[in-house]
Amino acid sequence: MTWSGYAIPFNRPCFVGNEQVYMAKAIANGQISGDGEFTRRCHAFLEKEIGVTKALLTTSCTHALEMAALLLDIRPGDEVIVPSFTFVSTVNAFVLRGARPVFIDIRPDTLNLDESRLERLISPHTKVIVPVHYAGVGCEMDAILAVAGRHGIPVVEDNAHGLLGRYKGRRLGSFGCLATQSFHETKNFTCGEGGALLINDFRYVERAEILREKGTNRSQVFRGQADKYSWIDVGSSYLPSDLLAAFLLAQFEARDYIQAQRRRLWEFYATHLCDWALQHDISLPSIPAHCEQPYHMFYLLMPSLAARQALIDRLKARRILAVFHYLPLHLSAMGRRFGGQLGDCPVTESISDRLVRLPFYIGLSKADQASVVAAITDLK
Ligand SMILES: Cc1ncc(COP(=O)(O)O)c(C=O)c1O
């Protein structure tokens, strides 16, 4: 999607200052391939902030999810329980290995998978449950882990939106045996395209390093733990250039600035839209008291598809870009091949029609944000 042509785009990547300095340092270091100084520093940041055993930068969240599917040894005929209201990669990573998606509906408040429906979807073929923390608001992890634990099924958190979010005081990304992050340019912390695999179960660490390095033990050779590297497993090239890690580290180091700015943006919309929303039967994001959100996005839930489209059109006429989000995966061409039908996930179907995301990026001035609010509240 291109943002050009709009006075107020939906997103603009933010540059916080040190990106170019660190990239120049990576060049001066003489290492721009993967796993150099900046990659190691990004790993240390993620391990410390999220409290995970091991973090590995990847070329995208999609690739981190693919690594998770390989690590869990997903095979044809296995089932993966995923929300239908998510990005295609949450599902595709497992389908690539031959798994069949079993779509679970979402809660109408947080738009996260509805944990009360989980247990009845489990079958002898279920090999993994993948909760997605939508907008970085934590899923009901206590209930999800209780069901998963009773059936001995691993949980992989898709935390693409949720870096630095918390559920009951604990960081998102620290609950599943594996979790994934995205650093795509729409995320709070970015390097253009990028991701990370977070590993909470140490038994996956050694194989994860091998899968990420083309199926070789090159990481051990770099650490002096082996004297030559060889092909020992399947794998691919999932590690990003140290130039990208340099960019990302600059963003990580500006976390206080980034998060304070995003919080300001989020609270401005919430404060200035809440009365209007109440009067027009429109919902704002719902954040349970036990969740700390990372201020990833701001959305409105309109009363109908027609009302959502009218709002997008009205904003567009003022050169403001607001966008909808996921289309139900069970109703996509691919989802239908797995048996998806209208009515399977009614909450997802309704939310997908009614949700609109508002412009949200560092650099969106107060005046511009006020224009967005004014354009929205013109609704009679
Ligand atoms: C929930 C979710 N998972 C995974 C992804 C894929 O992320 P990436 O673009 O880093 O592969 C996205 C993309 O925005 C997403 O929204």
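Sequential numbering from 509 applies to the sequence shown in the working numbering. Beta carbons: idealized from backbone N, C-alpha and C, even for Gly.
Sequence-distant residues of its chain with Cβ nearer than 6 Å to residue i (five each side left out)
| i | result |
| --- | --- |
| Tyr737 | Thr724, Asn725, Arg726, Val729 |
| Leu751 | Met531, Ala534, Ile540 |
| Ser690 | Cys569, Ala668, Gly703 |
| Leu786 | none |
| Val855 | Asp613, Ile614, Pro616 |
Buried or exposed by the 16-neighbour rule on C-beta atoms within 10 Å, applied to residue i
| i | result |
| --- | --- |
| Lys556 | exposed |
| Asn620 | buried |
| Val638 | buried |
| Gln733 | exposed |
| Asp821 | exposed |
| Glu627 | exposed |
| Lys635 | buried |
| Pro867 | buried |
| Val645 | buried |
| Ile612 | buried |
| Ser794 | exposed |
| Val599 | buried |
| Gly848 | buried |
| His632 | Checking the sequence, you will find Pro at residue 632 rather than His. So Pro632 counts as exposed. |
| His659 | exposed |
| Ala883 | buried |
| Ala576 | buried |
| Gln769 | buried |
| Pro811 | exposed |
| Arg816 | buried |
| Ser873 | exposed |
| Leu850 | exposed |
Own chain, CB closer than 8 Å to residue i, minus 5 neighbours either side, in chain order
| i | result |
| --- | --- |
| Phe710 | Thr561, Lys562 |
| Ile766 | Cys522, Val524, Asn696, Phe697, Gln759, Ile870 |
| Arg771 | Tyr803 |
| Gly513 | Arg827 |
| Asp650 | Lys676 |
| Leu579 | Leu686, Tyr712, Arg715, Ala716, Leu719 |
| Leu629 | Ile589, Val610, Ile612 |
Strand pairing of residue i, partner residues [DSSP]
| i | result |
| --- | --- |
| Lys562 | Ile707 |
| Glu800 | Arg674 |
| Thr634 | Glu587 |
| Trp739 | Thr724 |
| Tyr807 | Arg865 |
| Leu580 | Bridge partners of Leu580: none, in fact. |
| Leu686 | Val664, Ile707 |
| Arg917 | With the chain covering only 509 through 888, there is no way to say anything about residue 917. |
| Ile828 | Ile516 |
Chain D within 8 Å of residue i, Cβ atoms only
| i | result |
| --- | --- |
| Gln539 | Considering every chain present, this structure includes no chain D. It has just one protein chain. |
Cutoff 7 Å; reference residue i; Cβ partners in own chain excluding five residues on either side
| i | result |
| --- | --- |
| Glu761 | Asn526 |
| Ser745 | Lys722 |
| Trp889 | The shown model of the chain, from 509 to 888, leaves out residue 889, and the question about it has no answer. |
| Trp784 | Thr885 |
| Leu792 | Ala778, Leu781, Cys782, Ala785, Leu808 |
| Arg549 | Leu757 |
Do the stretch 839-854 and the stretch 798-805 make contact, defined as three or more Cβ pairs closer than 8 Å? Note that the stretch 839-854 does not touch the stretch 798-805; fewer than 3 beta-carbon pairs, one per stretch, sit closer than 8 Å.
Closer than 8 Å is the cut-off here; do at least three beta carbon pairs connect the stretch 599-609 with the stretch 576-590? Output reads yes: the stretch 576-590 touches the stretch 599-609.
Count Cβ pairs between the stretch 671-684 and the stretch 539-547 that sit closer than 8 Å; are there 3 or more? Flag = no, the stretch 671-684 and the stretch 539-547 do not touch.
Unbroken stretches of the beta strand (DSSP E), 3 residues or longer, contained in the stretch 608-655: Within the stretch 608-655, the complete beta strand (DSSP E) runs of at least 3 residues are 608-612, 634-637.
Any chance the stretch 778-789 sits against the stretch 826-842, with 3 or more Cβ pairs inside 8 Å? No: fewer than three Cβ pairs fall under 8 Å.
Within the stretch 742-804, note down every full alpha helix (DSSP H) run reaching 4 residues or more, in order along the chain. As for any alpha helix (DSSP H) of minimum length 4 sitting wholly inside the stretch 742-804, the runs are 750-761, 763-787, ordered along the chain.
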